[in-house]
Amino acid sequence: MSQRKIIHCDCDCFYAAVEMRDDPSLREVALAVGGDGGRGVVATCNYAARAYGVRSAMTMSEAHRLCPDLVVVPPDMARYRQVSRQVMGIFRDYTPLVEPLSVDEAFLDVSETELFQGSATLIARDIRRRVREEVGITVSAGVAGNKFLAKVASDWNKPDGLFVVLPEAADDFVRALPIERLFGVGKVTANRLHELGVSTCNDLQAWSREQLAERFGRLGLRLYEMSRGIDPRPVVVSRPTKSISVERTYGRDLPTLAACEAALDELVTDLALRLKRKGENKPMHKLFVKLRFSDFSTHTQERIRNLTVLPQREDFLPLLRELYGDARRPVRLLGLGVRYRVDEPGEAVQLRLFD
Amino acid sequence: MKLTITREALLTPLQAIAGVVERKQTMPVLSNVLFVAEPDSLTLTGTNMEVELVAHVNEGLAVESPGRITIPARKLSDICRSLGEGTQVELALQGDQVHVRSGASHFTLSTLPAEHFPNVEEDAESFRLELAQADLRNLLEATSFAMAQQDVRYYLNGLMLEVGSNYLRAVATDGHRLAMSTLAVVTGSEEVRQLILPRKGTLELIRLLADADTSVMLVFGDNHLRATLGAYTFTSKLIEGKFPDYNRVIPRGGDKTFIADRQSLKATLQRAGILSHENIRGVRLQLQTNELGVFANNPDQEQAEDSLPVDYVGESLQIGFNVGYLIDVLNALEGNNVRMTLSNANSSGLIEDVDNGNSVYVVMPMRL
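Going down the list, the sequences are from chains A and B. Mapping the first sequence onto the working numbering, position 165 (from 1) lands on 165, and the numbers just tick up by one. Mapping the second sequence onto the working numbering, position 93 (from 1) lands on 93, and the numbers just tick up by one.
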């Protein structure tokens, strides 16, 4: 394969950026978007808030403790989605090969783009300029020969930055990367790697494919490749939906199983709405229920059902009961969802006689 | 109860019954065989509550005192088998134990009262049909391999028997492939009847059927099928539910038909199949003029390429299949040459014997 040119674009603190764009009074304060009222969670916060240590997914009460002057705005998803469409539209002016990862993030394959004499660096610079001028928010971009390096690169000079990993510099760049930067390496894997004396990709390169596979399974093979800057995954324009779910964090813990069961109806209705709007036209392979207890321990229970009709309360009830068991603990968050069977490319699929 | 019987007269029915009796029982009495001794006959019964097998013995037998008792089926069958050929076996009930004596051997087995043994309830007979055992056996053997096993679509975990005025048909499918075989026979049935015989019942019935012209009487009830053959009366519960409309899935539009030597095709598929993914078992067929290529590979990057000459003129086609499904069909067929009809890579293939259209097989492809 000839050298590919991949750009990873990532909007800087997207929700907060949209709020700051639309309300100048928010630009000079520490801002968090999320549910307020003690139990809410930070969805995004601006860099002023980050300076205090506020992070996404933190509870709002914790955020307030770190930053007493924090201004909190409730999220307005409809508006963010609209801004997202505008940003993605700009991306598509440069290449049809745009793979959105979420509302504020996408991979672009510009290998075949002829604009700017095919210079991915100049394309990325132009994208950043247009998003700033036309949308009024900032985008950080990473340019590299594959998705993995492009994603690492976009984070390199964040916010409002551009970083290019030139093919000839890729090797040195990768070697210096701490393993925490690799996809799929969380705390647990990082600790295990540290125990093996591995803290950078350079260290990781000393390990053979077999040694890594033995210790880390599939992830091991990915580690082997990533530590050498290899990532053959293509930019995929439309990815099938893997799952659709709804969840709710309650302002007040649900004290008992009965309270959870009572709360189910509302979630089932929400899920049905989402399924009607965004559901895939294929059987729902699995149903699942997610519970987070007041101590933040989170559990899910799923069951294969292959449903072709909208799931009902009765479909989730047994899962909820199994999950709750005899816990007798208050529940903080309740979620429901469906998972579709995703046919991985290259995976064999036996076709059916009766469908 | 006290009786003497030749080893062979007892062993044959006991072994047939031991097949019905399941190893893991929820009710202890179900691991036992029921003995009912009359002055000049002995009846043995085994059941798993779904399938019941009754064997009648009246030769090689002398009943000293009649009686009824249940005896552990597998142990008694194992004992019987291990005794010398042609020996006499005496069974005598004393208290709640039965004494089995033969020459110098003496066994004492536990029993359970006959009253504990469940009866299959009688149900109204709606239709009966007599045919040669070999014909029924062929029909079931040609199709039963395609039955589903523990599928949530419970009605697929069995074999569908359909009676029309001039045919008896068996159909089995697991949702990926379908086997259908038809026997031309004047049945006298004025309507088309269908029943679904459960998997276990189907397999046990095949074991009983001789490959001979001796007859078997099939009695159709609302909830049961009964087969009377020689000394045996076999009864199976039926699966309630609607079997899928098999006619709908038999492909009619295939335009790519090739003829191959059955054994060569089977051997080629078996060779290539060795290097298919061990669970998925996908092979790729490449059909082109007078040649069928067969390709397989597995996650270890190993691959197999093979081909055989076939009679075919037409467009080329590449299509994937579970090689096991194709081999099953080629095992069920008996003639020298098979005909396979395909249309495209996403539509089912139809496989038949070239000279005998009684059995047809439908296999859905695999996207590889």
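C-beta atoms are modelled at their ideal positions from N, C-alpha and C, and glycine is treated no differently.
Applying a beta-carbon distance threshold of less than 7 Å, which residues of chain B neighbour F354 of chain A? As a first step, residue 354 of chain A must be located in the first sequence, where it is residue number 354. The answer, in chain order, is G175, P244, V249.
Between which residues of its own chain and G356 of chain A is the CB-CB distance below 8 Å, once the five residues before and five after are set aside? With chain A running from 1 to 355 in the structure shown, residue 356 of chain A is simply not present.
Would you verify that the beta carbon of V338 of chain A is, or is not, closer than 7 Å to some beta carbon of chain B? Residue mapping note: residue 338 of chain A aligns to position 338 of the first sequence, counting from 1. No, V338 of chain A does not count as interfacial toward chain B.
Looking at C-alpha atoms only, which residue of A:Q205, A:R132, A:F316, A:E261 is the closest neighbour of P330 of chain A? Translated into the one-based positions of the first sequence, residue 330 of chain A becomes position 330. If we check each option's Cα against that of P330 of chain A, A:E261 comes out closest.
So, is the C-beta of E344 of chain A closer than 7 Å to a C-beta in chain B? Start at 1 with the first residue of the first sequence, and residue 344 of chain A comes out as number 344. Confidence in E344 of chain A is poor, its pLDDT being 46 and thus under 50, which makes the residue's placement unreliable; the coordinate value appears in the next sentence. Judged by the 7 Å Cβ criterion, E344 of chain A is not in contact with chain B.
If you check the beta carbons only, do T113 of chain A and V143 of chain A fall under 7 Å apart? Indexing the first sequence from 1 puts residue 113 of chain A at position 113. Indexing the first sequence from 1 puts residue 143 of chain A at position 143. Cβ atoms of T113 of chain A and V143 of chain A: not closer than 7 Å.
Between I327 of chain B and chain A, is any beta-carbon pair separated by less than 7 Å? Counting from one through the second sequence, the residue named residue 327 of chain B turns up at place 327. No, its Cβ sits nowhere closer than 7 Å to a Cβ of chain A.
Apart from the five residues on each side of it in sequence, which residues of its chain come closer than 6 Å, Cβ to Cβ, to K286 of chain A? Sequence index remark: in the first sequence, residue 286 of chain A carries index 286 (1-based). So the list reads E302, I304, R339, once near-sequence residues are dropped.
Please name the residue in A:H64, A:E28, A:E19 whose C-alpha comes closest to that of R39 of chain A. The sequence position of residue 39 of chain A within the first sequence is 39, counting from 1. The candidate whose alpha carbon is nearest that of R39 of chain A is A:H64.
Would you check if the distance between the CB atom of T296 of chain B and the CB atom of S276 of chain B is smaller than 7 Å? If you number the second sequence from 1, residue 296 of chain B lands on position 296. If you number the second sequence from 1, residue 276 of chain B lands on position 276. Note on identity: in this sequence residue 296 of chain B is Ala, with Thr being the wrong assignment. Result yes, Cβ atoms of A296 of chain B and S276 of chain B sit closer than 7 Å.
Nearest chain A C-beta to L368 of chain B closer than 7 Å, yes or no? By 1-based counting over the second sequence, the position of residue 368 of chain B is 368. It does: the Cβ of L368 of chain B has a partner Cβ on chain A nearer than 7 Å.
Which residues mark the beginning and the end of the alpha helix (DSSP H) in which M20 of chain A is found? As a working mapping, residue 20 of chain A is identified with position 20 in the first sequence. M20 of chain A -> alpha helix (DSSP H) spans 14-22.
Using only alpha-carbon positions, find the residue among B:P28, B:L53, B:E64 that is nearest to E38 of chain B. Residue 38 of chain B sits at position 38 when you count from the first residue of the second sequence. Comparing Cα positions, the closest option is B:E64.
Is there contact between the region 231-243 of chain B and the region 190-197 of chain B, where contact requires at least three CB pairs shorter than 8 Å? yes
Residue-level contact to chain B via CB, V357 of chain A, 7 Å cutoff: Since the displayed chain A opens at 1 and closes at 355, residue 357 of chain A lies outside it and no answer follows.
To which residues of the same chain is P255 of chain A closer than 7 Å at the C-beta, ignoring the five residues directly before and after it? Counting from 1 along the first sequence, the entry for residue 255 of chain A is found at position 255. Cβ neighbours of P255 of chain A beyond the five flanking positions: P330.
Please go through the same chain and pick out, in chain order, the residues whose beta-carbon is closer than 6 Å to the beta-carbon of L26 of chain A, but skip the five residues on each side of it. By one-based count along the first sequence, residue 26 of chain A stands at place 26. These residues qualify, in order along the chain: E19, M20.
For chain A, check one thing: does any of its Cβ atoms lie closer than 7 Å to the Cβ of M147 of chain B? In the second sequence, residue 147 of chain B corresponds to position 147, counting from 1. It does not: the Cβ of M147 of chain B has no partner Cβ on chain A nearer than 7 Å.
Beta strand (DSSP E) segment containing N32 of chain B, residue limits: Numbered from its first residue, the second sequence carries residue 32 of chain B at position 32. Its beta strand (DSSP E) spans residues 32-38.
Quickly, what does DSSP pair I244 of chain A with across the bridge? List them, please. Stepping through the first sequence from its first residue, residue 244 of chain A is reached at position 244. DSSP, once it has assigned bridges, lists A:V338 as partnering I244 of chain A.
Hey, is the region 174-189 of chain A in contact with the region 140-157 of chain A, meaning 3+ C-beta pairs nearer than 8 Å? yes
Residues in the region 349-362 of chain B having any Cβ partner in chain A nearer than 8 Å: V362
Under three-state DSSP, which class holds F107 of chain A? Reading the first sequence from its first residue, position 107 is the one you call residue 107 of chain A. Reduced to three states, the DSSP call for F107 of chain A is strand.
Suppose contacts are defined by Cβ-Cβ distances below 7 Å. Is V363 of chain B in contact with R153 of chain B by that definition? Here residue 363 of chain B is taken as the residue at index 363 of the second sequence, counted from 1. Here residue 153 of chain B is taken as the residue at index 153 of the second sequence, counted from 1. No, they are not a contact pair.
Contact between the region 45-55 of chain B and the region 99-112 of chain B: three or more CB pairs below 8 Å? no
is_contact[A348 of chain A, chain B] using C-beta, thresh 7 Å: What you label residue 348 of chain A is simply residue 348 of the first sequence in a count that begins at 1. A348 of chain A counts as touching chain B.
For M1 of chain A, decide whether its Cβ has a neighbour in chain B, counting only Cβ atoms nearer than 7 Å. Locating residue 1 of chain A in the first sequence gives position 1, where the first residue counts as 1. For M1 of chain A, the predicted structure reports a pLDDT of 47, less than 50, and the residue's modelled location is therefore unreliable. A value from the coordinates is still provided. M1 of chain A does not count as touching chain B.
Are any of the Cβ atoms in chain A nearer than 7 Å to that of G282 of chain B? Residue numbering aside, residue 282 of chain B sits at position 282 when the second sequence is read from its first letter. Yes, because at least one Cβ of chain A sits closer than 7 Å to the Cβ of G282 of chain B.
Taking V329 of chain B as the reference, which of B:N247, B:T143, B:T70 has the closest Cα? If you number the second sequence from 1, residue 329 of chain B lands on position 329. Nearest of B:N247, B:T143, B:T70 to V329 of chain B, Cα basis: B:T143.
When the Cα atoms are used, what is the spatial distance from P345 of chain A to L156 of chain B? Within the first sequence, numbered from 1, the residue matching residue 345 of chain A stands at position 345. Within the second sequence, numbered from 1, the residue matching residue 156 of chain B stands at position 156. Note that P345 of chain A has pLDDT 41, beneath the 50 cutoff, so the model's placement of it is unreliable and the number below is only indicative. If you take the alpha carbons of P345 of chain A and L156 of chain B, they lie about 30 Å apart.
Just list the residues that DSSP pairs I196 of chain B with in beta bridges. Here residue 196 of chain B refers to the residue found at position 196 when the second sequence is read from its first residue. The partner list for I196 of chain B (beta bridge, DSSP) reads B:M160.
Does the beta-carbon of I319 of chain B, which I'm using as the reference point, lie nearer than 6 Å to any heavy atom of the ligand FMN? Because no ligand of any kind appears in the structure shown, any question about the ligand FMN cannot be addressed here.
With H, G and I counted as helix, E and B as strand and the rest as coil, what does DSSP make of I137 of chain A? As a first step, residue 137 of chain A is located in the first sequence; it is residue number 137 there, counting from the start. I137 of chain A: coil per DSSP, three-state reduction.
So, T214 of chain B versus R226 of chain B, is the Cβ gap smaller than 7 Å? Within the second sequence, numbered from 1, the residue matching residue 214 of chain B stands at position 214. Within the second sequence, numbered from 1, the residue matching residue 226 of chain B stands at position 226. Result no, Cβ atoms of T214 of chain B and R226 of chain B do not sit closer than 7 Å.
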